[in-house]
Amino acid sequence: DGLAVVTATGAAEPAATPPPGVDRLVPKPVAARATGGTPFTLGAASRIVAPGAARPVGDYLAGLLRRSTGYRLPVTSGTPQSGDIVLEVAAGGAPAGHADEGYTLVTGGETATVRADRPAGLFHGVQTLRQLLPAWVESRRPVDGPWTAQAAVVSDYPRFGYRGVMLDVARSFLTVDEVKHYLDGIAQFKVNTLHLHLTDDQAWRLAVDTPAENPSGLDYTALTSVGSKGGADVRSTDGKPLGTEPGRRGFYTQDDYRDIVSYAGSRFITVVPEIDGPSHTNAALASIPQLNPDGVAKPMNDTGEVGYSTLDTRSPTTYEFLRTVLTQLAALTPGRYLHIGGDEAHVTSHDDYLDYLRRTLPIVGGLGKTAIGWNEYAAADLPAGSLIQYWKGPMAPVLTQVARGAKVIMSPAAITYLDQKYTADTPIGLSWACSGGCDYDHSYDWNPVRDGLREADVAGVEAALWSETVRGIDQADWLGYPRLVSVAEVGWTPQDRRDVRDFTARLAPLGTRLTLQGVDFRPSPGVRWT
Ligand code: TNX
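In terms of this note's numbering, the sequence shown opens at residue 280 and continues consecutively.
Below, the structure written as structure tokens:
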């Protein structure tokens with residue numbers, strides 16, 4: 280299966296764990312070497328020297344390290360002393376040409392120093408330093424050191440600028456704290472985007488205020504008073520529920536959403552909110568009667584049926600509605616993207632679908648945002664710079680739009696969908712896109728630059744956790760890890776530096792770290808977890 284060495288007896292033996300140091304980093308850096316010098320040791324008198332723009336990252340790191348080391352670790356802007364961690368944001372800190380997210384890290388002897396052009400790069404460098412320290416650095420209560428890091432030089436930057444994970448909070452709600460836990464987990468693997476699938480047939484999860492200017496007199500508060508009171512309750516043909524309970528209900532107030540955005544921002548993660556349409560909209564149609572051609576609200580629908588709903592693409596009310604929702608969402612969202620869905624519009628005629636996009640895309644652009652949509656939306660001519668999220672289907676329309684200036688986020692369902700069962704025995708999850716070997720190696724061993732795309736056409740990758748069968752954060756963790764770690768490395772590490780056997784060996788020591796962090800990962804067989 281590519282992950283294990285087959286021994287003379289025929290038994291598969293997992294790859295051995297590399298010794299602590301640069302050979303076990305995840306994602307694997309562009310360049311890293313052990314210098315052979317004296318290791319760096321963090322001690323009771325160590326400080327974090329983080330002047331100016333480095334300060335927030337310094338505070339974040341201090342918060343992490345104080346819990347396990349029990350050290351005071353003051354964050355200062357003074358002159359570095361022996362034993363200090365030094366964080367610097369300055370021009371030339373990152374490898375040349377990689378100012379956005381690149382960093383350099385030098386550990387050994389006196390100090391551990393991370394340099395970057397920007398705070399985001401500094402943050403990624405701090406994640407690397409974190410992995411060079413012993414696994415028990417992840418403990419939430421004080422444990423004994425010594426806290427040493429191998430003497431090394433790392434020079435690093437990402438392959439792609441967009442490295443995402445999606446949570447489908449529509450089919451089953453996750454609380455703000457659960458989302459924060461996910462953010463903490465993905466940040467350590469240098470993921471920089473959280474895509475929130477906020478609306479679908481089963482439910483609507485974001486509060487929208489009824490605006491002063493409201494020509495059609497729509498009650499937007501019904502989106503949550505009615506529309507949030509659903510969740511997927513998907514069943515097999517014999518009526519057996521596929522989830523351990525019905526999808527959880529709930530919604531984010533605008534303050535909740537701001538809280539998620541700001542927490543993500545402190546981890547240099549951009550939130551991409553999705554309002555799906557014209558299909559996947561039953562919850563909106565059930566909340567606001569005027570969105571229906573007959574003026575009658577649809578019933579809520581918890582089934583897993585897809586493609587049956589559509590907004591009325593010919594009605595001005597639809598666009599009044601979308602403008603209101605997207606305007607509020609844009610104001611709440613500092614990131615440059617609004618995801619408008621566009622998938623599986625099976626009951627919308629092709630002309631109506633194109634018309635819908637012709638009217639919705641300018642709303643997004645007019646709000647100063649860049650559109651993202653599922654690859655079906657490449658049927659329309661997209662404004663240059665738009666992103667197409669490829670999940671399945673023909674690549675030809677995607678390539679046409681790429682030739683006109685769009686870029687692609689690769690989320691091929693068979694490889695990156697975290698809701699697919701690992702194996703036939705997996706108790707939760709679906710299996711329409713992947714069946715059989717759907718473990719971390721399958722999510723790792725591929726190149727997102729394929730199907731006629733060139734390197735520069737690909738904005739990045741995203742692993743999507745659909746939640747028809749996923750309840751709560753432990754189940755989300757369990758389906759996500761280790762597969763999302765694979766996709767994170769696919770997004771970060773150059774293709775020619777990646778090897779599934781080497782990755783398997785580097786996964787092993789993450790077991791202790793994830794456990795200490797309270798991440799309920801799946802201990803996939805094939806990895807010698809430590
Ligand atoms: C397809 S992926 C969907 C989702 C489902 C998912 C389940 C995509 C754009 N649409 O609505 O949740 O399959 O795996």
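Every residue gets a Cβ at the ideal spot worked out from N, C-alpha and C, and that includes glycine.
Presumed contact (8 Å Cβ cut-off) between Thr589 and Ala624, rounded CB distance: 6 Å
CA-CA distance, Asp447 and Leu758? 13 Å
Answer yes if the region 357-372 comes into contact with the region 297-307, meaning at least three C-beta pairs across the two stretches below 8 Å, and no otherwise. no
In terms of residue numbering, what span does the alpha helix (DSSP H) encompassing Val677 cover? 675-682
Counting pairs of beta carbons, one from the region 528-535 and one from the region 503-512, are three or more of them closer than 8 Å? Yes, the region 528-535 is in contact with the region 503-512.
When DSSP labels each residue in this structure, what does Lys810 get in the three-state scheme? Past the edges of the chain, shown from 280 to 809, lies residue 810, and the structure says nothing about it.
Grouping DSSP H, G and I as helix and E and B as strand, with all else coil, what is Tyr723? Correct three-state label for Tyr723: helix.
By Cβ distance, which residues of its chain are closer than 6 Å to Ala294, with the 5 residues on each side in sequence left out? Arg780, Thr783, Ala784
Distance, Met689 Cα to Gly289 Cα: Annotation note: pLDDT 45 at Gly289 (below 50); position unreliable, coordinate value reported separately. Cα to Cα, the separation comes out at about 37 Å.
Just checking Ala333 against ligand 1 - is the residue's beta carbon closer than 7 Å to any of the ligand's heavy atoms? no
From Thr472 to Gln533, what distance separates their C-alpha atoms? 20 Å
Would Ala391 and Ala341 be called neighbours here (beta carbons separated by less than 8 Å)? no
Would you call the CB atoms of Lys307 and Arg776 closer than 8 Å? Against a cut-off of 8 Å, the Cβ pair of Arg776 and Lys307 comes out as a contact.
Ignore the nearest five residues each way along the sequence and tell me which others in Gln796's own chain have a CB closer than 6 Å to its CB. Closer than 6 Å at the Cβ level, and outside the excluded window around Gln796, lie Glu417.
Below-8 Å beta-carbon distance, Leu564 vs any chain B residue: No chain B appears in the structure shown, which is made up of a single protein chain.
Just grab the DSSP bridge partners of Leu709 for me. Within the DSSP secondary-structure output, Leu709 pairs in a beta bridge with Gln699.
Would you kindly work out how many angstroms separate the C-alpha atoms of Gly362 and Leu412, rounded to a whole number? Near 14 Å, if we compare the C-alpha coordinates of Leu412 and Gly362.
Answer yes or no: the CB of His559 versus the heavy atoms of ligand 1, is any distance below 7 Å? For ligand 1, a non-hydrogen atom lies closer than 7 Å to the CB of His559.
Starting from Pro299 and walking both ways along the alpha helix (DSSP H), at which residues does that stretch end? Counting along the chain, Pro299 falls outside any alpha helix (DSSP H), and DSSP gives it neither H nor E.
Same chain, Cβ closer than 6 Å to Pro727, five either side skipped, listed in chain order: Met689, Val737, Val740
Please report the distance separating the alpha-carbon of Thr296 from that of Pro773. Approximately 22 Å between the Cα atoms of the pair.
Below 8 Å on the Cβ atoms is my contact criterion, and I expect Asp798 with Gly464 to pass it. Report the Cβ-Cβ distance as a whole number of Å. This sequence places Val at residue 798; Asp is not what is there. A Cβ-Cβ separation of about 5 Å places Val798 in contact with Gly464 under the 8 Å criterion.
Relative to the C-alpha of Leu521, which candidate in Glu367, Asp456, Pro706 has its C-alpha closest? Residue Pro706 is the option with its Cα nearest to Leu521.
Do you know how far the Cα of Cys717 is from the Cα of Ala735? Near 28 Å, if we compare the C-alpha coordinates of Cys717 and Ala735.
Of the listed residues Thr560, His629, Ser541, nearest to Ala576 (C-alpha basis): Thr560
Have a look at Pro613, Val309, Pro662 and flag the residue whose alpha-carbon is nearest the alpha-carbon of Arg637. Pro662
Within 10 Å of its beta-carbon, does Glu768 have 16 or more other beta-carbons around it, so buried, or fewer, so exposed? buried
Since Leu477 and Glu553 are thought to touch, with beta carbons under 8 Å apart, how far apart are those beta carbons, to the nearest angstrom? The beta-carbon separation of Leu477 and Glu553, rounded to 6 Å, stays under the 8 Å limit for a contact.
Based on Cα-Cα distance, which residue from Ser558, Asp724, Thr516, Glu599 lies nearest to Glu814? Summary: the structure shown does not reach residue 814, with the chain confined to residues 280 through 809, and so no result is reported for it.
Just the C-alpha distance for Pro318 and Ala431, rounded to the nearest angstrom, thanks. Between the alpha carbons of Pro318 and Ala431 lies a gap of roughly 8 Å.
Using a threshold of 7 Å, is the CB atom of Glu457 nearer than that to any non-hydrogen atom of ligand 3? With respect to ligand 3, the structure shown offers nothing to examine, as its ligands consist of ligand 1.
Which runs of the alpha helix (DSSP H), 4 residues or longer, sit entirely within the region 592-628? Runs found: 595-611.
How is Asp555 classed by DSSP in three states: helix, strand or coil? It is a strand residue.
Nearer than 7 Å: is that true of the beta carbon of Tyr616 relative to any heavy atom of ligand 1? no
Cut-off 7 Å between Cβ atoms - residues of its own chain near Arg397, not counting five sequence neighbours on either side: Here the set comprises Val368, Ala378, Asp379.
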